[in-house]
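Data block below; observations after.
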Amino acid sequence: MSTFGLYLHIPFCVKKCNYCDFLSFPAKEALKDEYVKALAMEMRLWKDKVSNDVVDTIFIGGGTPSLLTEGQFDVLQNEMVKSFHLSDKMEYTIECNPGTVDAEKLKNYKKAGVNRISFGLQSTISSELACLGRIHSYDDFLVSFHQARECGFANINVDLMSAIPEQTVAGYEQTLTRVCELAPEHISSYSLILEEGTPFYEKYGECPPVSEEEDRQMYELTKERLSDFGYHRYEISNYAKAGKECDHNKKYWKRFPYLGLGLGASSCMENVRFSNEQNFKTYGQKIKNGKLPVVEKEELTKEDCMAEFMYLGLRMMEGVSRKMFYQNFLVPMETYYQSSLEKCIREGLIKENGDRYCLTDFGIDVSNRVFAEFI
């Protein structure tokens with residue numbers, strides 16, 4: 000039996016943040032009930048199609064999945080158990096916004112088998128949280144974090160953000176230190192990207208809200224501070240304690256199969272990429288009619304798969320394996336990428352490490368330039 004990762008998209012938020020371009024929107028309970036029912040029906044439509052496979056990671060993301068009531072969550076949980084073969088050793092993550100969970104919800108997650116919580120903190124500074132349009136305070140986060148610990152969660156991720164408007168290097172350092180002292184098992188740190196269609200893009204256009212020098216200082220500070228606290232960097236934006244890397248997200252970078260269910264969710268199964276309907280009404284109607292709500296489908300060629308192997312795999316600090324490349328494609332990596340590899344080595348962007356090619360420190364800094372060589 001082969002394995003795959005399962006992603007469930009919960010598109011609901013209390014309010015949309017100023018930087019967010021994800022598919023999300025506010026919703027009343029009746030709409031949430033309707034959506035949960037449709038998502039459960041979508042699982043049933045997939046049941047026979049993946050009956051010979053095992054789910055070894057689950058990631059419930061959004062949006063704000065923790066806005067679901069215990070009853071709504073239970074509907075999804077019960078349907079997952081009925082529709083899929085779930086590994087008894089799987090990683091099971093749910094995203095939570097501080098202040099939207101309490102001890103009872105967390106206990107319910109734990110009872111269902113959730114073993115990893117991901118908190119979207121972003122900053123510990125009140126003015127920065129307000130600027131981002133976040134609905135929680137740092138104190139809200141502390142309450143939620145400690146409740147998760149008290150409920151027995153031993154694998155917690157915290158999302159942080161740098162290059163926020165009006166953010167200072169000193170303020171970002173304070174956030175890093177505060178979070179590191181709490182010792183979550185995993186920290187994701189992203190530099191703000193101004194995405195089209197967001198309030199931040201309308202306000203700042205393509206002009207970064209902090210200087211290039213400040214952005215660089217925050218980036219270097221992230222590496223140094225997290226290393227000091229015992230976190231190892233395993234992907235460009237992700238740091239973990241030993242043995243606590245995110246198995247689900249590694250599926251994306253290693254090109255392992257994953258199935259995304261819910262509004263706008265993306266999937267890649269058997270070298271076919273596809274995504275779901277983004278219109279709520281159409282999504283629900285297709286499912287009621289017994290049809291999968293897939294709207295975009297692309298069969299990847301061998302060349303597509305090889306390119307993804309390279310530019311996704313190079314996001315990870317371990318890099319890409321020549322042996323694995325050959326096992327996947329039955330040709331040596333150098334057959335297709337000799338000139339690109341030699342160019343990147345010559346320019347100090349990648350290095351050889353035994354069987355692998357991986358990014359240098361300089362290559363990480365200009366990673367998009369490296370990835371472009373293989374697209």
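For the record, in the sequence shown the residue sitting at position 273 is 272 according to numbering that gives the first Met the number 0, with numbers rising by one throughout. Even glycine gets a Cβ: it sits at the ideal position worked out from N, Cα and C. Being a predicted model, the structure only gives us computed values, none of them experimental.
Nearest-angstrom Cα separation, counted from Asn154 out to Tyr257: 22 Å
Taking the straight line between their C-alpha atoms, what separation do you get for Ala147 and Gly263? 29 Å
Are the CB atoms of Gly259 and Leu38 nearer to each other than 8 Å? no
Thinking just about the alpha-carbon of each residue, which of Phe279, Val157, Ala162, Glu302 is nearest to the one in Asn237? Val157
So, at 8 Å on beta carbons, what are the nonlocal neighbours of Ser86 in its own chain, with the 5 sequence-adjacent residues on each side left out? Thr2, Val53, Val54, Asp55
Keeping to the same chain, check which residues put their C-beta closer than 7 Å to that of Pro97; ignore five residues upstream and five downstream. Phe118, Leu120, His135, Asp139, Phe140, Ser143
Rounded straight-line distance, which links the Cα of Asp303 to that of Lys296: Between Lys296 and Asp303, the C-alpha separation is close to 14 Å.
From Gly170 to Glu213, what does the alpha carbon distance come to, in whole angstroms? 12 Å
Can you tell which of Ser188, Met0, Asp73, Ala26 has the C-alpha that lies nearest to the C-alpha of Glu223? Ser188
Tell me the residue span of the alpha helix (DSSP H) that contains Ser125. 125-131
Runs of alpha helix (DSSP H) lying entirely within the region 146-183, each at least 4 residues, in chain order: 168-181
Span separating the alpha-carbon of Thr68 from that of Lys104: Going by C-alpha positions, Thr68 is about 8 Å away from Lys104.
Continuous alpha helix (DSSP H) stretch holding His247: start and end: 246-252
8 Å Cβ shell around Asp32 - same chain, five flanking residues per side excluded: Gln71
Helix, strand or coil for Glu341, going by three-state DSSP, please let me know. Note: Glu341 maps to helix in three-state DSSP.
How many angstroms separate the CA atom of Ser190 from the CA atom of Ser274? 26 Å
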